[in-house]
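Just so we're on the same page, my numbering is the position in the sequence shown counted from 1, plus 430.
All C-beta atoms, glycine included, are put in the ideal place defined by N, C-alpha and C.
Remember, predicted model here, so these are calculated numbers, not experimental data.
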Amino acid sequence: MHIQVDQSGRIENLTQDSVVAFSNGLQDAIFLHRREKRACYNALRGTYLNKKINEVKLFSACLFLLLRPYLKNIYHITIDAEYPGYEARIKEFFLSYAYNRITGFEKCDINFASIGKKSNAHLVAYSVYTQKIPSFREIKAKDLLILLVK
Numbered sequence: 431m432h433i434q435v436d437q438s439g440r441i442e443n444l445t446q447d448s449v450v451a452f453s454n455g456l457q458d459a460i461f462l463h464r465r466e467k468r469a470c471y472n473a474l475r476g477t478y479l480n481k482k483i484n485e486v487k488l489f490s491a492c493l494f495l496l497l498r499p500y501l502k503n504i505y506h507i508t509i510d511a512e513y514p515g516y517e518a519r520i521k522e523f524f525l526s527y528a529y530n531r532i533t534g535f536e537k538c539d540i541n542f543a544s545i546g547k548k549s550n551a552h553l554v555a556y557s558v559y560t561q562k563i564p565s566f567r568e569i570k571a572k573d574l575l576i577l578l579v580k
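See below:
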């Protein structure tokens, strides 16, 4: 299965909620409340000299939690290019989470491209973000911190 991934409400913006969603026939989304993001950032504070790495690490963890139930059936992931220059780190963190937590995980092809506002992934993310459709899954800081803090 080939999917596209988008977010609505940037992960690094701590004053708003975030949604990460995918679509391509099948669709799913996770909702991350701003309170939960703050808890993650507080736990990560000081772990990297570069603040952007913590943002990328949190985005990668959200991506993994979103895709985890489907990873054995996904062979290609296109992620909206929202973190230019950090694509390799996103891929590195995501694959690390997958290899360490999913038995028999086989590497899938991950690329980054602008998927546009008309993409189904964008429409799902934005609809959950604006509460036009109910959130599929709400994730908590504790779920993310299991991945983020070793």
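Between which residues of its own chain and residue i is the CB-CB distance below 8 Å, once the five residues before and five after are set aside?
| i | result |
| --- | --- |
| Y505 | M431, H432, C538, D539 |
| L474 | N484, K487, L488, L578, V579 |
By Cβ distance below 6 Å, which residues in the same chain neighbour residue i in space, the five residues on each side in sequence not counted?
| i | result |
| --- | --- |
| I520 | V486, S490 |
| V554 | A451, S453, Q457, A459 |
| R468 | L444 |
| H552 | D436 |
Going by the DSSP bridge assignment, what does residue i pair with across the sheet?
| i | result |
| --- | --- |
| T508 | Q434, N541 |
| D458 | F452 |
| R385 | As shown, the chain starts at 431 and ends at 580. That puts residue 385 outside it, with no answer to give. |
Throw me the rounded Cβ distance for the residue i and residue j pair, which I believe falls under 8 Å.
| i | j | result |
| --- | --- | --- |
| L488 | I441 | 5 Å |
| G439 | S448 | 4 Å |
| E466 | K570 | 6 Å |
| Y527 | L577 | 5 Å |
By the 10 Å Cβ neighbour count, where 16 or more other Cβ atoms means buried, how is residue i classified, buried or exposed?
| i | result |
| --- | --- |
| I509 | buried |
| V435 | buried |
| I532 | exposed |
| Y500 | exposed |
Closer than 8 Å is the cut-off here; do at least three beta carbon pairs connect the stretch 454-466 with the stretch 513-530?
no
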